[in-house]
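K.L.:
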Amino acid sequence: AGELFRSTVSLLRSYFPQATHVDIFTREPGTERFVPVPREPGTRDAERPPALSRTLQDQLLSTERSLLVEDARALFPDAHSLSRAGIRSVLCAPLWNQGKVSGIIQISTDHGKRPFSRNDLELLTVFAHQVALVFEKIRLHEILQDSEKKTREENLYLSRQLDSRYSVDNIIGTSPAMQQ
1 AGELFRSTVS LLRSYFPQAT HVDIFTREPG TERFVPVPRE PGTRDAERPP ALSRTLQDQL
61 LSTERSLLVE DARALFPDAH SLSRAGIRSV LCAPLWNQGK VSGIIQISTD HGKRPFSRND
121 LELLTVFAHQ VALVFEKIRL HEILQDSEKK TREENLYLSR QLDSRYSVDN IIGTSPAMQQ
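For the sequence shown, our numbering assigns the number 180 to the last residue and increments by one with no breaks.
#1: For residue 109, report the span of its alpha helix (DSSP H) as first-last.
#2: What is the DSSP secondary structure of residue 33, reduced to helix, strand or coil?
#3: Below 8 Å, can you find three or more Cβ-Cβ pairs linking the segment 104–123 to the segment 81–96?
#4: Along the chain, where does the beta strand (DSSP E) containing residue 51 start, and where does it finish?
#5: Which same chain residues, not among the five before or five after residue 93, have their C-beta less than 6 Å away from its C-beta?
#6: Answer yes or no: do residue 115 and residue 154 have a C-beta to C-beta separation smaller than 9 Å?
#7: Can you name the start and end residues of the beta strand (DSSP E) that residue 23 belongs to?
#8: Helix, strand or coil: which one does DSSP assign to residue 89?
#9: Alpha carbon to alpha carbon, what distance is there between residue 54 and residue 143?
#10: Please state whether the Cβ-Cβ distance between residue 120 and residue 91 is less than 9 Å.
#11: Can you have a look at residue 74 and say buried or exposed, based on whether 16 or more other CB atoms are within 10 angstroms of its CB?
#12: If you compare alpha carbons, which of 76, 132, 64 is closest to residue 97?
#13: Would you list the residues sitting across from residue 77 in a DSSP beta bridge?
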């Protein structure tokens with residue numbers, strides 16, 4: 001999965017050259033909390049901690065739609081995380097899995113860069129749908145692999161139990177008459 005995340009970030013950077021930050025967040029199992037996907041060491045994104053704006057997260061979850069923020073300061077003057085980071089424009093897209101938002105892609109630009117457009121939003125939305133499908137396929141594949149491993153281990157255990165219980169040595173009696 002790590003390679004897929006790296007490839008996804010690389011593709012997003014090529015589609016959105018004005019992006020200064022590209023972050024992917026996944027929902028922590030059993031919670032409403034989103035955690036950042038680990039970054040590749042040595043990349044420019046690895047130099048700063050990922051931060052999902054609570055304001056943007058809340059709006060994305062309430063509308064259940066991708067978001068385009070062309071001027072973050074004007075639209076969210078009270079969003080301290082956006083202003084502290086010098087964010088000018090932001091794209092956020094949900095990663096859907098079984099009718100729930102299982103992750104969020106957040107791409108942002110600093111001040112001085114070209115803001116994102118409606119076309120950028122449409123591209124990210126389509127991209128996010130595809131990424132969500134791939135992530136789900138990987139998750140299901142990992143579950144299948146774990147199940148297969150457990151089945152092999154259980155079969156080996158049961159086979160050994162049968163061998164020891166029904167071996168030829170245990171069938172022939174141990175009385176003196178049987179030993180002759």
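We treat Cβ as the ideally placed atom computed from N, Cα and C, and that holds for glycine.
P.N.:
For this structure:
#1: Not the alpha helix (DSSP H): residue 109 falls in the beta strand (DSSP E), residues 100–110.
#2: Assigned with DSSP and collapsed to three states, residue 33 falls in coil, not helix or strand.
#3: Between the segment 104–123 and the segment 81–96 there are three or more inter-stretch CB-CB distances shorter than 8 Å, so the stretches are counted as touching.
#4: Here residue 51 belongs to no beta strand (DSSP E), and DSSP marks it neither H nor E.
#5: A distance below 6 Å between beta-carbons, with the five flanking residues on each side excluded, links residue 93 to the following residues of its chain, in chain order: 66, 105, 124, 125, 128.
#6: No, these two residues do not count as a Cβ contact at 9 Å.
#7: Annotation for residue 23: the continuous beta strand (DSSP E) segment containing it runs 21–27.
#8: In the structure shown, the three-state DSSP call for residue 89 is strand.
#9: When rounded, the distance between both Cα atoms is 31 Å.
#10: Yes.
#11: Residue 74 counts as exposed, since fewer than 16 other C-beta atoms from the protein chains shown sit within 10 angstroms of its C-beta.
#12: Among 76, 132, 64, the Cα nearest to that of residue 97 is on 132.
#13: In DSSP, residue 77 forms no bridge with anything.
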